[in-house]
Amino acid sequence: MFTRDDKKTEANDKPPAASSPPATEAPAPAGSSANPRAGGSMQPVIPGWKVVVNTKYNVAYDVPPEWNVNDSGVSLSIHDEADGKPVVTMSGTATLKNEWCTVDKNADGTMEKYSLADTGVKGAQGAKDTAQVATDNTGTWVWAAYAQKEPKGTVKVSEPKEYTTASGIKGHTAVATAPNVKKENKCSSDGKAIGFAFKNAVGDFASFVIVGAAGVKDEVPTDVSDKMLSSIRLSTG
21 MFTRDDKKTE ANDKPPAASS PPATEAPAPA GSSANPRAGG SMQPVIPGWK VVVNTKYNVA
81 YDVPPEWNVN DSGVSLSIHD EADGKPVVTM SGTATLKNEW CTVDKNADGT MEKYSLADTG
141 VKGAQGAKDT AQVATDNTGT WVWAAYAQKE PKGTVKVSEP KEYTTASGIK GHTAVATAPN
201 VKKENKCSSD GKAIGFAFKN AVGDFASFVI VGAAGVKDEV PTDVSDKMLS SIRLSTG
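First residue of the sequence shown: 21, per the working numbering; consecutive thereafter.
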């Protein structure tokens, strides 16, 4: 489960970590119209979609109109269930169906909210190449969101493949899955992450990821994730 951290308001809701669909814990901008605060003056390269700008790595990408573009100050994290520390964090984020599923997981009267899918960008300092970044990051996202309580080896990661976005950014893609995980509640599901690792304009390693529930109704289809990957381009921030 994702923790939402809004640096602008210093809000930091921290739900328990879960090996089930990730979620943001505060409302994302409502509606299906473009969000000018997140997209600035940039226009989508895919007609009818929305722009998400990551000002930390100066890249942008498009998401379908039904996705909510989170404010630029919002980062999403998943915490380790053992020590409560963040395992992975991404910025420049968007969310599909913020309240896709809700459940009182701990029977404490508090409803946990699970999103259907989330996207964002994170860095990869110290990596040797984009193939390594793509493999490591997609595997980590799926493990953190869906398989922390599962046996070692549950997460499967594909071989990294060379990929070039429509704007000419070169790197590697990889797909990670967490199949047949234990379903602890009605919101539990298998998980999947599609990642693209690349270098930005100043040579920093970065990784875009789409992470969400797998094997469920309304799962993000391959043709949609392919378009999202293709739309990644450099921005001015």
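Ideal placement from N, C-alpha and C gives every residue a C-beta, glycine not left out.
This one's a predicted model, so the numbers in the text were calculated from it and none came from an experiment.
Return the bridge partner residues of residue i from the DSSP annotation.
| i | result |
| --- | --- |
| Val71 | Asp82 |
| Cys121 | Tyr134 |
| Asp210 | Ala234 |
| Glu182 | His192 |
| Val65 | Answer is none; Val65 lacks a bridge partner. |
| Asn88 | Thr115 |
| Thr258 | This structure cannot settle anything about residue 258, because the visible part of the chain is limited to 21 through 257. |
| Thr109 | Ser97 |
| Ser227 | Lys142 and Ala217 |
Can you tell me which of the three DSSP states residue i falls into?
| i | result |
| --- | --- |
| Lys169 | coil |
| Val236 | coil |
| Thr115 | strand |
| Met248 | helix |
| Asp100 | coil |
| Val153 | helix |
| Gly215 | strand |
| Gly159 | helix |
| Ser164 | Per the sequence shown, residue 164 should be read as Ala rather than Ser. Here Ala164 sits in helix by DSSP. |
| Thr139 | strand |
| Pro42 | Confidence is the limiting factor: at Pro42 the pLDDT is only 42, short of 50, which leaves the residue's position unreliable, though a coordinate-based value still follows. In the structure shown, Pro42 sits in coil (DSSP, three-state: anything other than H, G, I, E or B). |
| Thr174 | coil |
Does the beta-carbon distance from residue i to residue j come in below 8 Å?
| i | j | result |
| --- | --- | --- |
| Gly143 | Phe225 | yes |
| Val141 | Phe228 | yes |
| Leu116 | Val240 | yes |
| Thr158 | Ala114 | no |
| Val231 | Val175 | no |
| Lys70 | Gly112 | no |
| Ile252 | Val79 | yes |
| Lys202 | Lys169 | yes |
| Ala167 | Ala198 | yes |
Distance, Cα to Cα, residue i vs residue j?
| i | j | result |
| --- | --- | --- |
| Ser92 | Ala164 | 23 Å |
| Met131 | Asn74 | 30 Å |
| Gly191 | Cys207 | 34 Å |
| Ser187 | Gly215 | 17 Å |
| Thr193 | Asn220 | 15 Å |
| Val258 | Tyr81 | Past the edges of the chain, shown from 21 to 257, lies residue 258, and the structure says nothing about it. |
| Pro171 | Gln63 | 44 Å |
| Glu179 | Gly129 | 43 Å |
| Gly173 | Asp156 | 14 Å |
| Thr185 | Ser250 | 4 Å |
| Val83 | Asp100 | 28 Å |
| Lys247 | Lys105 | 33 Å |
| Val244 | Asn88 | 15 Å |
| Ser135 | Lys148 | 33 Å |
| Ser97 | Pro67 | 30 Å |
| Ala213 | Val65 | 23 Å |
| Lys181 | Thr242 | 16 Å |
Buried or exposed, going by whether 16 or more other CB atoms sit within 10 Å of the CB of residue i?
| i | result |
| --- | --- |
| Asp124 | exposed |
| Ser255 | buried |
| Gly211 | buried |
| Ser61 | exposed |
| Ala102 | exposed |
| Ser209 | buried |
| Ala127 | exposed |
| Asp138 | buried |
| Asn200 | exposed |
| Thr160 | buried |
| Val150 | A quick correction: the sequence has Thr, not Val, at residue 150. Its Cβ being crowded by 16 or more others within 10 Å, Thr150 is buried. |
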